[in-house]
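**Q** Heads up, the final residue of the sequence shown is numbered 529 in UniProt numbering, and it's a clean run with no missing numbers. No residue lacks a Cβ here, since even glycine has one placed at the ideal position from N, Cα and C. Computed from a prediction, not measured in an experiment: that's the story for all the values here.
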Amino acid sequence: MAVDEMNSWNFMPRSLSAYDVNLVNGFLPLEEPISRLPDLYYKPWEDLAAEVVHLQLAGIFRQRVLKLPQLSTHRLTNLREYQRACVLLSFLSHSYVWGHNQPAEEILPPCLAVPWCEVSRYVGISPIVTNATVVLWNWRLFEKNAALDLQNLATQLTFTGSIDESWFYLVSTAIEAKSGEMLRSIGRMINASIHDNKQVAIESLNNLTSTINEVTKILARMYEKNDPYLFYWKTRQYLAGWENMKDAGLENGIIYKDAKVYDPNGDCNTPVNSFKKFSGGSAAQSSTIQIIDIALGVKHYPDNQGLSEDFNQNVQNDKKIATSEIAQRRNHTFQQAPGNPYLLKMREYMPYSHRQFLTDLGNTCNFREYVLINTLDVSDISPTQFSESINIAESVPATNQKSNSSISVQKDLLKAYNRCVSALKTFRDAHIDIVRIYIVNQAKSTVNPTTNRSLKPTPAPAAPVAPAPAPAPVTPAPAADTQSKSPNPASVNGLAKQVDDDQTVLGTGGTDAISFLKHVRDETISTRL
Ligand code: HEM
């Protein structure tokens, strides 16, 4: 088989560039995102974005926004400029809505709302902060020709000016940068299955496993420079959207004043000047992890269904289908999983071209079925729980006419596939640990987010024996110094909220974050063959 054929992406309906995807940086643009719109007409946006942190500190950011001219988007000339405009307007708008130590503002003025909705429509994304705006299009390189890794990356914009916030985005950017390498392996895996080349399938699976392991190592570097307390209480509030935000003062969402608000599919169903809700930014909007799921055939279901109690049951079912598949000479199609509603919803917060890429890849890739059908002689699944060790059938049935070499290739293919699934499961385990430390522990912490003092109630004073003297006049304590958890406004800050020990901590989607993530992790486990 010619090498070129294995590297080609002809199995997709469109070229990679049509999806704004490349085999070097994957979902990140091939060139560094532009750091300033070249047309000086847009100087007011650029200048204001450069001063966000200082103006917020001075308490005059919103006043400055109200002085902005309403600029037209017609002078933007190409996709990269639209992406830069999207980044600028997302940072300006979320800074305006959430303010700094101020109540949330539910009306976004036309000078931001109108152009933001227009540029969002162009890139096929909702007018809200997304993984694309803070991670994919918000980086620059120190050394232009050197690798896109954490030693060489800086952010363009942040909400708070903190190195912790920058690190949060950059770790994510460094992970996204690995998507080029992943796509090279995935393309070869799919070609290997189309042309039935098991050796290439094994090699590319091994490469994908190495890349996933590297990504897990990068993820673990989150702890180095992103303090969990600062993340939860200072950074995360700006990433919040306006869905499920009643406690933060945005029960109805916000009004994009005078703007036509388009849904990600390009429809405009919301009357002008009515409230609109969108979910906020989350790395769940990353296409990078979703392509691994697609490549390995991880099936996702709604949170309350799909996973069999017995890990083996899913595989046994798939094997039955595979056997009948062979009998029917591939006239039978494998059952598709319905998908997890939250993960599918997160696709709506990806740029249109990336969303389309995932859909088309999902319709094309049958790699798990290929492995399943080609390893039926040797696969043997664990009798109990998932284990990192790989089970290969001890003895191959005597009636089997297959040659030793064929059996050995089957074993290698099965091992390579299961190792890759294990690598993805390890990534998800590491990510769950991060969510515990950065979100759950912070939300349940007994430290007041504003003063850093304990929120534990002070013991009630003993009953006075003699009438207490009149209290000396004291300066009133700041509101955040109160000892109660609720309704202290400082304890509800965008997505950041203090909760009691027995309460669940919600993710961006408004559901129990940890149980959702465990569900997705367990679906990964049950993919193993
Ligand atoms: C401080 C760091 C991070 C925190 C606190 C965090 C938090 C969360 C939370 C709470 C969820 C649940 C759904 C939601 O609320 O949106 C989630 C989902 C997810 N996150 Fe993260 N995350 C972090 C970093 C990352 C990074 C760097 C990636 C890499 C791309 C990532 C990838 C994902 C993915 C793919 C999901 C969807 C569930 C899955 O596929 O396993 N996260 N994250």
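Is the stretch 203-215 in contact with the stretch 52-69, if contact means three or more CB pairs nearer than 8 Å?
**A** No, the stretch 203-215 does not touch the stretch 52-69.
**Q** Along the beta strand (DSSP E) that carries I254, what are the first and last residues, could you check?
**A** I254 to Y256
**Q** Under 8 Å, with one C-beta from each stretch per pair, do the stretch 257-265 and the stretch 151-171 reach the 3-pair mark?
**A** no
**Q** At a cut of 8 Å, does the stretch 15-29 reach the stretch 335-355 through at least three beta carbon pairs?
**A** The answer is yes - the stretch 335-355 touches the stretch 15-29, with three or more Cβ pairs under 8 Å.
**Q** Across the stretch 99-110 and the stretch 52-66, are there enough close Cβ pairs to call them in contact, namely three or more that are closer than 8 Å?
**A** yes
**Q** Give me the DSSP bridge partner(s) of G26.
**A** Looking at the DSSP assignment, G26 forms a beta bridge with N22.
**Q** Between the beta-carbon of R347 and the beta-carbon of L358, is there less than 8 Å?
**A** The answer is yes: Cβ separation under 8 Å.
**Q** Verify the contact flag: M6, CB atom, against every heavy atom of the ligand HEM, threshold strictly below 7 Å.
**A** no
**Q** Going along the chain, which unbroken runs of the alpha helix (DSSP H) with 4 or more residues stay wholly within the stretch 240-297?
**A** Whole alpha helix (DSSP H) segments, 4+ residues: 287-296.
**Q** For the ligand HEM, is there any heavy atom lying closer than 7 Å to the beta carbon of M182?
**A** no
**Q** Beta-carbon separation of S179 and I255 under 8 Å?
**A** Contact: no.
**Q** Taking the C-alpha atoms as reference points, what is the distance between K415 and A259?
**A** 54 Å
**Q** Rounded to whole angstroms, what's the CA-CA distance from A513 to S406? Just pull it up for me.
**A** Going by the C-alpha atoms only, they are around 45 Å apart.
**Q** With a CB to CB cut of under 7 Å and the five nearest residues on each side skipped, what residues in its chain are close to D39?
**A** R75
**Q** Please report the distance separating the alpha-carbon of G297 from that of P341.
**A** 17 Å
**Q** Looking only at its chain, what residues have a beta carbon closer than 6 Å to the beta carbon of D412, apart from the 5 residues adjacent to it on each side?
**A** I202
**Q** Can you tell me the Cα-Cα spacing of T155 and I163, whole angstroms?
**A** 10 Å
**Q** Only counting the same chain, and skipping five residues up and downstream in sequence, which positions put a Cβ closer than 8 Å to that of P44?
**A** L68, P69 and L71
**Q** Which term fits A460, buried or exposed, when burial requires 16 or more other beta carbons within 10 angstroms of its beta carbon?
**A** With a pLDDT of 42 at A460, under the threshold of 50, the predicted position of this residue should be treated as unreliable, and no value is reported.
**Q** With distances taken Cα to Cα, identify the nearest neighbour of D318 among T511, E369 and K276.
**A** E369
**Q** Would you say V171 touches the ligand HEM, meaning its beta carbon is less than 7 Å from a heavy atom?
**A** V171 has its CB nearer than 7 Å to a heavy atom of the ligand HEM.
**Q** Looking at L219 and the ligand HEM, is the gap between the Cβ and the nearest heavy atom below 7 Å?
**A** yes
**Q** Just to confirm before moving on: does the CB-CB distance between S286 and E176 stay below 8 Å?
**A** yes
**Q** Quick check: what's the CA-CA separation for V200 versus V409?
**A** 11 Å
**Q** Once you ignore the five residues that flank C365 on each side, which residues in its own chain have a CB closer than 7 Å to its CB?
**A** I190, I294 and A295
**Q** Is L108 closer than 8 Å to K234 when the C-beta atoms are compared?
**A** no
**Q** Under three-state DSSP, which class holds D512?
**A** Three-state result, D512: strand.
**Q** With hydrogens ignored, establish whether the beta-carbon of I289 is closer than 7 Å to any heavy atom of the ligand HEM.
**A** For the ligand HEM, a non-hydrogen atom lies closer than 7 Å to the CB of I289.
**Q** Given a threshold of 16 other Cβ atoms within 10 Å of its Cβ, counted over all protein chains shown, does A463 qualify as buried or as exposed?
**A** Residue confidence is low: A463 scores 41 on pLDDT, short of 50, so the model does not pin down where it sits. Its coordinate-derived value is still stated next. It is exposed - the Cβ of A463 has fewer than 16 other Cβ atoms within 10 Å.
**Q** In chain order, what are the residue ranges of uninterrupted alpha helix (DSSP H) at least 4 long that sit wholly in the stretch 333-358?
**A** Complete alpha helix (DSSP H) runs here, min 4: 341-347.
**Q** Helix, strand or coil for K497 per DSSP?
**A** strand
**Q** Given the structure, does F516 come close to the ligand HEM, in the sense that its CB is under 7 Å from one of the ligand's heavy atoms?
**A** Yes, the beta carbon of F516 sits closer than 7 Å to at least one heavy atom of the ligand HEM.
**Q** Within 10 Å of its beta-carbon, does S526 have 16 or more other beta-carbons around it, so buried, or fewer, so exposed?
**A** So S526 ends up on the buried side.
**Q** DSSP on W98, reduced to helix/strand/coil?
**A** helix
**Q** Which same chain residues, not among the five before or five after L141, have their C-beta less than 6 Å away from its C-beta?
**A** E32 and N152
**Q** Using the three-state DSSP reduction, which class does S120 fall into: helix, strand or coil?
**A** Secondary structure of S120 (DSSP, three-state): helix.
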